[in-house]
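A.B. asks: Residue numbers (my numbering): 33 to 932.
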Amino acid sequence: TEMKIAVIGQSLFGQAVYKELRKDGHEVVGVFTIPDKDGKEDPLATEAQKDGVPVFKFPRWRVKGRAIPEVVDQYKARGAELNVLPFCSQFIPIEVIDCPVHGSIIYHPSILPRHRGASAINWTLIHGDKKGGFTIFWADDGFDTGPILLQKECEVYRDDTVNAVYNRFLFPEGVKGMVEAVQLIARGKAPRIPQSEEGATYEGIQKKENAKQINWDQTAETIHNWIRGNDKVPGAWAEVNDSKLTFFGSALLENGPVPAGEPLQIPGACRPGLVTKEGLVLFGNDGKMVLVKNLQFEDGKMIAASQYFKSSENTTLELTEDEKNIAEEIRTVWKGILSNVSTVEASTDFFKSGAASMDVVSLLERQKTRYKLSFSNTDLLSLIVIQIVIFLYTVILRSKKNNNFYKNRVKKNQVEKNVNNMTIRMPHQLFINGQFVDAEGGKSYDTINPTDGTAICKVSLAQVSDVDKAIAAAKEAFENGEWGKVNPRDRGRLIYRLADLMEEHQEEMATIEAIDSGAVYTLALKTHVGMSIQTFRYFAGWCDKIQVCLGWGAPDIFIPYYSVCGIVIPWNYPLMMLAWKTAACLAAGNTVVLKPAQVTPLTALKFAELTARAGFPKGVVNILPGAGSLVGQRLSDHPDVRKLGFTGSTPVGKQIMKSCAVSNVKKVSLELGGKSPLIIFSDCDLDKAVRMGMSAVFFNKGENCIAAGRLFVEESIHDEFVRKVVQEVKKMKIGDPLDRSTDHGPQNHKAHLNKLVEYCQMGVKEGATLVCGGEQIPRPGFFFDPTVFTCVEDSMFIAKEESFGPVMIISMFKNGDTLSATACTFNSGLRRNQIFDDIIIVLMTPCLTRAGIVFITRIVQATIFPFVSSFKMLFFPLALFSGEEALNEYLRTKAVTIEY
């Protein structure tokens, strides 16, 4: 139901809520925001005026506690049915709050009743809360005390800052939450849950005027929480060398040796700080350490904490004529933003001169476009004095000009599309030797969007000669390039930087994954991309922990790299499969030539772009979209490839293993097809078993290597289990993977869809009972109806062969004895799943001994830490893609005897 809404508030958050409410069909009858500041109007006002919505900019709503009648009358004239306050810094009188028929709702960035007040995010971090989130509540005449309508929680990570929590969760999910709250009100289903006073807290607003000095007589974690909770505003400060020093960019250090550094006396601290090459190390009263990255002096000058004792050095440079022109251009940009400043001097402070946080975005985009420098918003928030900005720009530009290691090697020939409320930019050429290039002869093909069957873009199609060029580049990078000279710690830093860039582009990469593979966007965001980021961070930490064993009277054991490694990945998890193999390969010090699946090349090519941005030397990472018969075969045959990792079908895996043996007996690891059983005993929690069975089969549209290929359900619960499963299947929303409410997207590509149709036809032909599904859905794209088969006998094709799709195969068993022989006959033993109540029964099941992974009462739980192995035909000899074992797959052990 559409509603007439008054939006009362300000900021980019208010603007985003306003836009989404209009998109949802509601009529915004008026926007009430703050007056212009220094000639700049609030972004909410700008957006509303573009749409022709009346905008009111009242300086105040009340005087001496009483509502201003003229202001209230102008508000009432708009006839709002609901007030929405997304972020509002003004006091709104109760006459306005209670006026609409539906009242007023307010967004608050904490889980009320905890952290009532204006600095809720700051206090969430200062108190070290492990959970954060937001509340949407019904406004009343108290301070954040109204009844609760809706709440959503998020994890608060150890080193989160206010900006990090806000940008990751509170802003995007808060916008969605406000829209959801209005929908509930419109449908008459919005709750009014009274707030409990138990656990309620109210903390004052954090301002520079009232910010207290850091109390050093606390644990390191408490000091860290205070610093990050005040970063960037108002800033955690202390008196150091008779001057006020403000601390930014705090992180807890793991227990370990105290780093080397120059002592810095800090009054009140239990011991002096240490200025190290990484930053300023501070100590809590528990002896643990905190690392601070940036410091700000009273005059506004911001420096890297590692440069504290060098901060008095002159930061002027003898500029060339070109650099003088750049400096003048930077001043002109600042002058355009700081319209109230007559002259931009060397000491001009960006924020003290009237700039707002949204101006940082403008500044960031201008410097990206003009100077090709990659600063984050946080970096620019640090560079607030123009003299320092010009100095650093000049130094970095000179460094980029003279240092090939950080050259911008990414061509701008990208495909742009406006989709999922953002502009995505997709490389579409081969990535060889640090450059995006066309394939030999200009060969290309269309990559298809499975949602509607249309072409996304043309992608270069690698030829054998392109594979040879990529292998030569990878070999050169390893043997003679900079990669071979990078020490392990710096290699880890590069991989960490890559993970950070992936996180910055997480939404863009998830969108690309959704349109190229059909993955549901929310799953792609969390799993396809999210776990890939985690994987690179995990293996980055391994780089400087690969050890050499030395002994007396025996050979010394060295663990060298393989050099050039070939990697061939599948289409079901395009980015995650890349991450699981490539992260370990790079951490071990190898170079990579990777072939993504021909039908899903785009996230791999975006990944290639990010490796260049991160500063990986040319030739270290090479990406070749193309046919397996050409690219994959050439990687298997090439004598300069010393290790090959493959994920795909069993027949192709056999051919690769043969080619690797014939060519140069290269090391090979294979992850092949699987048909894993899920065994459900009668003493299970049936509703839980249904949920787990659904997840085990239909997760990621069934395109899952550890999916439950066949369910064995004990006879006494079989019929009820099937009935409940069918009920749940019918509830699944099938549709556009970019729709946040979609449960089930399209199958990956047309050929796979056709195979699923044939698979189900074979099941019906052999006598299995088709309970539901089994057909393509009549709509554009490659959508397949989630399917359930029962009465499946052991001899049937669908009992033995993997569907790799949303097909649930159910067989009934009488007891554990009749089950054992059947469940253990699978040739593809990736994993076994069991749902039960009696642990003795399950541990006595013989098939437990024949799978590389066993899941007990928890299905489809992936992690980057344990390894995966198999005792049958899924892997040979052992394919390990997680944890330390995965790292060892890309290392070789060598014994060296030295005579002395």
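The beta carbon of each residue, even a glycine, is placed where N, CA and C say it ideally should be.
The structure displayed is predicted, hence computed values, not measured ones.
Near valine 663, which residues of its chain fall below 7 Å by C-beta distance, leaving aside the five closest residues on each side in sequence?
C.D. replies: Ala494, Val499, Lys627 and Leu656
A.B. asks: Considering only DSSP beta bridges, list what cysteine 804 is partnered with.
C.D. replies: Val820
A.B. asks: Checking the sheet assignment: what are the DSSP bridge partners for isoleucine 842?
C.D. replies: Leu743
A.B. asks: Where does valine 518 fall in DSSP's three states?
C.D. replies: DSSP places valine 518 in coil when its eight states are reduced to three.
A.B. asks: Please say whether glycine 795 and isoleucine 842 have beta carbons closer to each other than 8 Å?
C.D. replies: no
A.B. asks: Secondary structure at phenylalanine 279, three-state DSSP: helix, strand or coil?
C.D. replies: strand
A.B. asks: Please report the Cβ distance between glycine 706 and glutamate 834, rounded to the nearest whole angstrom; I am assuming they are in contact, meaning their Cβ atoms lie under 8 Å.
C.D. replies: 6 Å
A.B. asks: For lysine 762, which three-state DSSP category applies?
C.D. replies: helix
A.B. asks: Do three or more CB pairs link the region 559-575 to the region 603-619 at distances below 8 Å?
C.D. replies: yes
A.B. asks: Alpha carbon to alpha carbon, how far is isoleucine 40 from histidine 140? Give it in angstroms, no decimals.
C.D. replies: 14 Å
A.B. asks: Using a 10 Å radius around the Cβ and a threshold of 16 neighbouring Cβ atoms, would you call aspartate 191 buried or exposed?
C.D. replies: exposed
A.B. asks: On the DSSP letters alone, give me the boundaries of the beta strand (DSSP E) that cysteine 489 sits inside.
C.D. replies: 487-492 is the span of the beta strand (DSSP E), which, as asked, contains cysteine 489.
A.B. asks: Beta strand (DSSP E) containing tyrosine 139: first to last residue?
C.D. replies: 136-140
A.B. asks: Would a C-beta distance cut-off of 8 Å place serine 228 and histidine 256 closer than the cut-off?
C.D. replies: no
A.B. asks: Please name the residue or residues paired with lysine 221 in a DSSP beta bridge.
C.D. replies: Lysine 221 pairs with nothing; no bridge assigned.
A.B. asks: Throw me the rounded Cβ distance for the leucine 788 and glutamine 779 pair, which I believe falls under 8 Å.
C.D. replies: 7 Å
A.B. asks: For valine 745, collect the residues of the same chain with a Cβ closer than 7 Å to its Cβ; drop the 5 residues on either side in sequence, then sort them by chain order.
C.D. replies: Sequence-distant Cβ neighbours of valine 745 in its own chain, meaning closer than 7 Å and more than five residues away, are Ile712, Phe753, Ile842 and Met844.
A.B. asks: Over what stretch of residues does the alpha helix (DSSP H) that includes lysine 507 continue unbroken?
C.D. replies: In the DSSP annotation of this structure, the continuous segment of the alpha helix (DSSP H) that includes lysine 507 starts and ends at 496-511.
A.B. asks: Should threonine 543 and isoleucine 488 be called a contact, given that it needs their Cβ atoms to be closer than 8 Å?
C.D. replies: no
A.B. asks: Tell me the residue span of the alpha helix (DSSP H) that contains asparagine 195.
C.D. replies: 194-197
A.B. asks: Taking the alpha-carbon positions, what's the glycine 647 to asparagine 154 distance?
C.D. replies: Roughly 34 Å separates the two Cα atoms.
A.B. asks: Name, in chain order, the residues that DSSP records as bridge partners for tryptophan 170.
C.D. replies: Ile137
A.B. asks: Any idea what DSSP makes of threonine 479, helix, strand or coil?
C.D. replies: strand
A.B. asks: Thinking C-alpha only, which one of Thr177, Gly174 and Tyr198 is nearest glycine 165?
C.D. replies: Tyr198
A.B. asks: By Cβ distance below 6 Å, which residues in the same chain neighbour lysine 782 in space, the five residues on each side in sequence not counted?
C.D. replies: Phe814
A.B. asks: Whose C-beta lies closer than 8 Å to the C-beta of isoleucine 480 among residues of the same chain, with five residues either side of it excluded?
C.D. replies: Thr486, Ala487, Ile488, Val631, His781 and Lys782
A.B. asks: Specify the secondary structure class of tyrosine 438 as computed by DSSP and reduced to three states.
C.D. replies: Low per-residue confidence applies at tyrosine 438: pLDDT is 34, beneath 50, and the placement is therefore not dependable enough to give any value.
A.B. asks: Going by alpha carbons, who is nearest to phenylalanine 269 out of Lys244, Leu284 and Lys762?
C.D. replies: It is worth fixing the name first, because residue 269 is tryptophan in this sequence and not phenylalanine. The shortest Cα separation from tryptophan 269 among Lys244, Leu284 and Lys762 belongs to Lys244.
A.B. asks: By the 10 Å Cβ neighbour count, where 16 or more other Cβ atoms means buried, how is isoleucine 565 classified, buried or exposed?
C.D. replies: buried
A.B. asks: How about the region 676-690 and the region 516-526: do they share at least three Cβ pairs that are nearer than 8 Å?
C.D. replies: no
A.B. asks: If you reduce the DSSP assignment to three classes, tell me which class asparagine 786 lands in.
C.D. replies: Here asparagine 786 carries a helix assignment [DSSP, helix/strand/coil].
A.B. asks: Looking only at DSSP bridge pairs, what is isoleucine 456 linked to?
C.D. replies: Lys449
A.B. asks: For serine 860, does the three-state DSSP call read helix, strand or coil?
C.D. replies: Annotation note: pLDDT 47 at serine 860 (below 50); position unreliable, no value reported.
A.B. asks: Among Pro91, Val61 and Lys96, which has the Cα closest to the Cα of valine 85?
C.D. replies: Val61
A.B. asks: Does the region 610-619 come close enough to the region 568-578 to have 3 or more Cβ pairs within less than 8 Å?
C.D. replies: Cβ pair count under 8 Å is three or more, so yes.
A.B. asks: Applying the 10 Å Cβ sphere with the 16-neighbour rule, what's the burial state of serine 492?
C.D. replies: buried
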